[in-house]
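The listed protein sequences correspond, in order, to chains A and B.
Numbering-wise, the first sequence is residues 5 to 364 according to my numbering.
Numbering-wise, the second sequence is residues 5 to 364 according to my numbering.
The structure appears below as structure tokens.
Protein chains: 2
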Amino acid sequence: MLHAIVMAGGSGTRFWPASRAALPKQLLPLAGDRTLLEDTVARLEGLVPPDRTLVVTSARLLDAARRQLPGIPSACLVGEPCKRDTAPCIGLAALLVSRADPDATMAVMPSDHVIRPAETFRDAIRQAARLVEQHPGRLVTFGIRPTYPAESFGYIQQGTPLSGGPDEAPAHVVAAFREKPPASVAAEYVAAGTYLWNAGIFVWKAATILEALAERQPECLTRLEAIAAAWDGPDRDRVFAEEFAAIKGISIDYAVLEHARDVAVIEAPFGWDDLGGWSAVARQRGTDQSGNTVVGRHLGIDSSGTIVHAADGHLVVTMGLVDMLVVHTPDATLVASRDREEAVRKVVTELESRGWVEFL
Amino acid sequence: MLHAIVMAGGSGTRFWPASRAALPKQLLPLAGDRTLLEDTVARLEGLVPPDRTLVVTSARLLDAARRQLPGIPSACLVGEPCKRDTAPCIGLAALLVSRADPDATMAVMPSDHVIRPAETFRDAIRQAARLVEQHPGRLVTFGIRPTYPAESFGYIQQGTPLSGGPDEAPAHVVAAFREKPPASVAAEYVAAGTYLWNAGIFVWKAATILEALAERQPECLTRLEAIAAAWDGPDRDRVFAEEFAAIKGISIDYAVLEHARDVAVIEAPFGWDDLGGWSAVARQRGTDQSGNTVVGRHLGIDSSGTIVHAADGHLVVTMGLVDMLVVHTPDATLVASRDREEAVRKVVTELESRGWVEFL
């Protein structure tokens, strides 16, 4: 059966002060009325039932995630005691879903991307599941056709085409995974037309990924197995905390995908945006007549190209602003030139270095 | 004896959202740690005792004024039931101080200007009081040497010099009062060197101003006398409300000064700023190494020439800002280009027209 694994442990700093350590990007309604996590789970409706949807987040975000996902059974929400990147997260999820369903197929996905329309996404996951059924040992990834030579994504090189149905998205054998490239290399990739951004969405058998981990990350798997063995007993929290902390953090790409023999990539037929910053938010939300993107209560006088994001009820008045960013929260406000959007994360670094931890 | 009359009923809109209908400029600590009203009263120390300091504000600001001025006897705080400009305010004050001191001399002053140093101010008031003692029917005003051709002030033309002591400020007979002039006329005034800004600070006998009101504004004075007659009885509030509301609002300049025969002007020897907007605040407070003026908690990254004013505890981060204004309050935030400072009052007009009265 198909299971969904929603990875919701991210802690981005690009949306400070809207995003915080205790309220990261995926828990915010950045692209619409629902949070990105809510959207991610809603997108699965009709594809996998809630009791086959495993949401893995960090322990300190567990309550918030639970509040946002009242339809997901409590047992399907997992809070990691510490951050260890994607391989341990996915390995543990594989063990957990395998217990009741040894032949489980997993669709693994981040929770902080905008993906539309949902039906196209579900069709693409179904296509991936078929590719796995054809070759049970296969790992299927999704690639995004690049729109610019991004340095912030890994790339997947398309190899031999795989035959597919008339309504199916293009699928290929993966020729190679490429780490985040410098701009010049990224430009070559884009020009070549055969490189896709790695979207971090995967479909495979739980058994397949566990075999790969056994081969490539045996210590990691041993510790994950100890956690899974204690899962339904009184020592779960202690074992989870101890064993998970002892695992070396590593991404599933480095740990498994780059070494795997049978990997396919589907060129995503759906719209995708990883919401890398406020301009991406504006792209998703659109602009008003003045070219401003507004969430909250705003009075703009001679203001254009400006993004305003304000907490409930607070009034933001802008006057004579062009291409600015104003993010208001109850305890902190950021005002920045939009051309400095990439530097928002520096604010978090600076706050850390000053010890102003109450704002992190 | 000398009495101080502090006029604290103003309701400026240039400092929105820091200033509000319920918290106007004079009640804010704009120029330093103390509010302008607190500074104004503190400036009188050694000149007039608290029980000869009458603070006239509007009724709805009375509690706030009382909290800021714990040293002033409650009986010396007057809350006008409605706004009627300076002539009724000063006329009522003259009646009230005359009751126990028929020969009272009044030093009348606004509460929302920055005046430094205090000792020079006190010396100047003493000089004015001497000019009044020499000619008991004389009205003494203070003029500020103009630093630019302001259109927002009235001007006082200096006439014949009055002889004075070696340490005294220049004093002249007033040749004429001039209403707020257009820029070209203001420029002529400045070039002439014999015109001063009208600072709205006056010294005179209570009896003199009451005689002038009897001649020029007899109905106003009759109503003020009715209020004063009821002042110590059970009907004070009702009579104050009814009679004061029935008075036509008019400034003391139009009502009396422009028609008076014996008016002198002292060129103010003290530093003076009417704090017409945020740039004046920056001028008074000075700037940090980046050229920013900050009240509150601020982290500036590549920001200069920017004024930040934030409510207690709130953090304002600015990044890539040049010559901007960021004013944060618990329920509203203004972000504006500093070259739009003069338009801040338009914000208030716009809020009124939208019916967003909770932010006024």
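In this text, a Cβ means the ideal position worked out from N, Cα and C, and glycines have one as well.
What residues in its chain sit with their C-beta under 6 angstroms from that of residue 75/A, if we drop five residues either side in the sequence? Answer for residue 75/A: 54, listed in chain order.
Would you please verify whether the beta carbon of residue 59/A is less than 8 angstroms from any beta carbon of chain B? Chain B, which has no Cβ nearer than 8 angstroms to the Cβ of residue 59/A, makes this no.
Report buried or exposed for residue 164/A, applying the criterion of at least 16 other Cβ atoms within 10 angstroms of its Cβ. With fewer than 16 Cβ atoms within 10 Å of its Cβ, residue 164/A is classed as exposed.
What did DSSP end up calling residue 87/A once you bin it into helix, strand or coil? Look at residue 87/A here: in three-state DSSP terms it is coil, with no helix or strand label.
Using a Cβ cut-off of 8 angstroms (strictly closer), state whether residue 252/A contacts chain B. With its beta carbon at least 8 angstroms from every one in chain B, residue 252/A lies outside the interface.
Shorter than 8 angstroms from the beta carbon of residue 321/A to some beta carbon of chain B? Yes, its Cβ sits closer than 8 angstroms to a Cβ of chain B.
Could you compute how far the alpha carbon of residue 184/A sits from the alpha carbon of residue 206/A? When the Cα atoms are used, residue 184/A and residue 206/A turn out to be separated by approximately 18 angstroms.
Straight-line Cα distance separating residue 317/B from residue 242/B: Distance between the alpha carbons of residue 242/B and residue 317/B is about 43 angstroms.
Kindly confirm or deny that the region 255 to 273 of chain B and the region 73 to 91 of chain B touch, where touching means at least three C-beta pairs closer than 8 angstroms. Touching, per the Cβ criterion.
Taking the continuous alpha helix (DSSP H) assigned at residue 56/A, which residues delimit it? Looking at the DSSP string, residue 56/A is not in any alpha helix (DSSP H), and its letter there is neither H nor E.
Per DSSP, which residues does residue 311/A bridge with? Please list them. Answer is 297/A and 329/A, bridged to residue 311/A.
Any chain B beta carbon closer than 8 angstroms to residue 139/A: Chain B, which has no Cβ nearer than 8 angstroms to the Cβ of residue 139/A, makes this no.
Which residue wins for smallest C-alpha separation from residue 296/B, given the options 273/B, 48/B and 326/B? Ranked by Cα distance from residue 296/B, the options 273/B, 48/B and 326/B are led by 326/B.
Please check the pair residue 248/A and residue 80/A, which I expect to be a contact at CB under 8 angstroms, by giving their CB distance rounded to whole angstroms. About 18 angstroms separates the two Cβ atoms, so there is no contact after all.
Do residue 133/A and residue 6/A have their beta-carbon atoms positioned less than 8 angstroms apart in this structure? Contact: yes.
So if DSSP puts residue 147/B in a beta bridge, which residue, or which two residues, is it bridged to? Paired residues: 202/B and 271/B.
My output table needs one value for residue 251/B: the three-state DSSP class, helix, strand or coil. It is coil, neither helix nor strand.
Determine which residues of the region 289 to 307 of chain B have a Cβ less than 9 angstroms from any Cβ of chain C, and write them out in chain order. The displayed structure is made up of protein chains A and B, and chain C is not among them.
Residues of chain B with CB under 9 angstroms from residue 318/A, in chain order? What residue 318/A touches in chain B: 334, 335, 336 and 337.
Give a yes or no on whether the C-beta atoms belonging to residue 364/A and residue 267/A are separated by under 8 angstroms. Contact: no.
Residue 252/B classed as buried or exposed, judged by whether at least 16 other C-beta atoms fall within 10 angstroms: Exposed: under 16 other Cβ atoms inside 10 Å.
Give the DSSP-derived three-state secondary structure of residue 243/B in the structure shown. Annotated three-state conformation of residue 243/B is helix, per DSSP.
Just to confirm the assignment, what range does the alpha helix (DSSP H) spanning residue 222/B have? Counting along the chain, residue 222/B sits inside the alpha helix (DSSP H) bounded by residues 222 to 233.
Give the residues from the region 13 to 31 of chain B that approach chain A closer than 7 angstroms (Cβ to any Cβ), ordered along the chain. For the region 13 to 31 of chain B, the set of residues with a beta-carbon nearer than 7 angstroms to any beta-carbon of chain A is empty.
What does residue 304/B pair with, by DSSP beta-bridge criteria? Listed as beta-bridge partners of residue 304/B by DSSP are 322/B.
With 16 as the cutoff for other CB atoms within 10 Å, does residue 114/B come out buried or exposed? Residue 114/B should be labelled buried.
Run through the region 93 to 155 of chain B for me and flag every whole alpha helix (DSSP H) of 4 or more residues, listed as ranges in chain order. Correct list: 122 to 138.
Whose C-beta lies closer than 7 angstroms to the C-beta of residue 201/A among residues of the same chain, with five residues either side of it excluded? Setting aside the 5 residues that flank it on each side, residue 201/A is surrounded in the same chain by 147, 148, 150, 154, 157 and 159, each with a C-beta closer than 7 angstroms to its C-beta; the list follows chain order.
Using only alpha-carbon positions, find the residue among 57/B, 285/B and 177/B that is nearest to residue 309/B. Closest in alpha carbon position to residue 309/B, among 57/B, 285/B and 177/B, is 285/B.
Is there contact between the region 114 to 133 of chain A and the region 269 to 279 of chain A, where contact requires at least three CB pairs shorter than 8 angstroms? As far as the Cβ criterion goes, the region 114 to 133 of chain A touches the region 269 to 279 of chain A, which means the pair count is three or higher.
Amino acids of chain B, ordered along the chain, whose beta-carbon sits closer than 7 angstroms to that of residue 344/A: Per Cβ cutoff of 7 angstroms: 323 and 324.
Pair every Cβ in the region 337 to 354 of chain B with every Cβ in the region 13 to 22 of chain B, then say whether three or more of these pairs are closer than 8 angstroms. Verdict: yes, contact present.
Option nearest residue 342/A by Cα separation, candidates 9/A, 117/A, 282/A and 322/A: Looking only at 9/A, 117/A, 282/A and 322/A, the smallest Cα-Cα distance to residue 342/A is reached by 282/A.
Under 8 angstroms between C-beta atoms, does residue 347/B make it to chain A? Interface annotation, residue 347/B: in contact with chain A, CB-CB separation under 8 angstroms.
Contact check, residue 82/B vs residue 11/B, beta carbons under 8 angstroms: No Cβ-Cβ contact shorter than 8 angstroms links residue 82/B with residue 11/B.
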